[in-house]
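The number in my numbering is simply the position in the sequence shown, starting from 1, with 2 added. Using N, Cα and C, we set each Cβ at its ideal position, and we do this for glycine too. Just below is one structure, and these are the notes that go with it.
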Amino acid sequence: MAAEEVPLQNSELFDVSDCVAVVTGGGTGMGLMMAKALEANGAKVYILGRRLAVLEAAAKQATYGNIYPLQCDITSKDDLETAVEHIAGEDGSVNLVVNNAGISTPNLGPQRTRPNAKWNITDLRNYWFSKPSFEDYARVLEANTTAPLMVSFAFLELLDRGNRVRAEQAKANGGRADYVRSQIIMVSSVGGFGRDNSAFIYGASKAGTTQMTKDLSTYLTPWKIRANVLAPGYFHTEMTEDFYRSTGGRLPATMTPEERFGDMQEISGTLLYMASKAGAYCNGSVMLADGGYLAVHPSAY
């Protein structure tokens, strides 16, 4: 195709109309934002979560009626097998898996977010050692790191079929090889890069997710399945509800240079870039949507 014939309209660049997507934790918060964005732009979206009533309510918010709820505990192999079998029976293939579901750090009471030498060292020890259990921390790692990996593996065959279907379609349309290849998107967090917060196990879980995704991007190259990271900053979700209310959605520039929480259009735009032809050359990438958070915080990014 000659350069002048390449379509550059946003309707072409960000088109996801032939996409079958799976979004975990798609019933609320950022997962619902992303599911709605994909569906509003033509994708068929399956939302996975434990609370069926919440998923069904979310599905009713679809623009075209193409959001489908599937009750699934992503920490259960049996549930994942059931979800995969259902989607295989309905569509036969998947093009995109968005691993969004996750949980926050255990609630230990008033947060000791920044170190203070005036704190009693015994109280500090008790706060971090005596209050939480190993199980409290293990749950965060299971939900935020292990489960997304298992979800990704569970859908490998359907992602591979998604590539085969698109390759056949490309061949029928003239043999072009630049179709949008299947992809796993891991929703990580700026918390996986920052060094000045006290959400130790949450940060570790998200840092692990980021590294794991880079590993997947390399490991899955023989099957042409891509893996990328979306690392958001502060958005208004169930997880950030208390903080959002306490700030009114406004943030000091020393915390986030944009001085506010991100909104639905901003996370949706980032996702649509990654999911469409616009971002089809990305593999092993980390996309920040953080309002500049890491620009003003010590980080390992």
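Less than 7 Å between C-beta atoms, sequence neighbours within five positions excluded: which residues of the same chain meet that for residue 208? In the sequence shown, counting from the first residue as 1, residue 208 sits at position 206. Excluding positions up to five away in sequence, the list reads 146, 190, 191, 193, 194.
Is the distance from the Cβ of residue 2 to the Cβ of residue 21 below 7 Å? The first residue shown for the chain is 3 and the last is 303, placing residue 2 beyond what the model contains.
Extent of the continuous alpha helix (DSSP H) run through residue 127: Along the sequence shown, one-based indexing puts residue 127 at 125. First-last of the alpha helix (DSSP H) with residue 127: 123-127.
Tell me whether the region 78-89 and the region 53-65 touch, counting them as touching only if at least three CB pairs, one residue from each stretch, are closer than 8 Å. no
Taking contact to mean 3 or more Cβ pairs, one atom from each stretch, closer than 8 Å, check whether the region 255-268 and the region 161-176 are in contact. no
For the alpha helix (DSSP H) containing residue 203, name the first residue and the last one. Counted from its first residue, the sequence shown places residue 203 at position 201. Where residue 203 is concerned, the enclosing alpha helix (DSSP H) stretches over 202-221.
Tell me, please, whether the region 125-135 touches the region 168-186 by the rule of three or more beta-carbon pairs shorter than 8 Å. Using a C-beta cut-off of 8 Å, the region 125-135 makes no contact with the region 168-186, since fewer than three inter-stretch Cβ pairs fall below that distance.
Span separating the alpha-carbon of residue 63 from that of residue 29: Working through the sequence shown from its first residue, we reach residue 63 at position 61. Working through the sequence shown from its first residue, we reach residue 29 at position 27. In this structure, the CA atom of residue 63 is about 10 Å from the CA atom of residue 29.
Judging by CA-CA distance, which residue of 129, 48, 118, 106 is the nearest neighbour of residue 90? Mapped onto the sequence shown, residue 90 falls at position 88. The shortest C-alpha separation from residue 90 is found at 48.
Per DSSP, residue 49 forms a beta bridge with which residues? As a position in the sequence shown, residue 49 is number 47, starting the count at 1. 25, 71.
Look at the Cβ atom of residue 302, then the Cβ atom of residue 16, and state whether they are nearer than 7 Å. Translated into the one-based positions of the sequence shown, residue 302 becomes position 300. Translated into the one-based positions of the sequence shown, residue 16 becomes position 14. No.
So what does DSSP say about residue 230, is it helix, strand or coil? Reading the sequence shown from its first residue, position 228 is the one you call residue 230. Collapsing the DSSP output to three states places residue 230 in a strand.
Exposed or buried, what is residue 184 when buried is set at 16 or more other beta-carbons lying within 10 Å of its beta-carbon? Position 182 of the sequence shown, counting from 1, holds the residue named residue 184. That one is buried.
Every unbroken alpha helix (DSSP H) inside the region 266-298 [4 residues or more]: 266-277
DSSP three-state assignment for residue 3, whether helix, strand or coil: For the purposes of this step, residue 3 is taken as the residue at position 1 of the sequence shown. Since pLDDT at residue 3 reaches only 48, below the 50 mark, its modelled position is unreliable, and the value read off the structure follows with that caveat. The answer is coil: DSSP assigns residue 3 none of H, G, I, E or B.
Note the first and the last residue of the continuous alpha helix (DSSP H) segment covering residue 35. The sequence position of residue 35 within the sequence shown is 33, counting from 1. Residue 35 -> alpha helix (DSSP H) spans 31-42.
In the DSSP output, which residue or residues are listed as bridge partners for residue 98? Taking the sequence shown and counting its residues from 1, the one referred to as residue 98 is at position 96. DSSP output for residue 98 lists 23, 185 as bridge partner(s).
Alpha carbon to alpha carbon, how far is residue 40 from residue 277? Give it in angstroms, no decimals. In the sequence shown, residue 277 corresponds to position 275, counting from 1. In the sequence shown, residue 40 corresponds to position 38, counting from 1. The straight-line gap from Cα to Cα measures roughly 8 Å.
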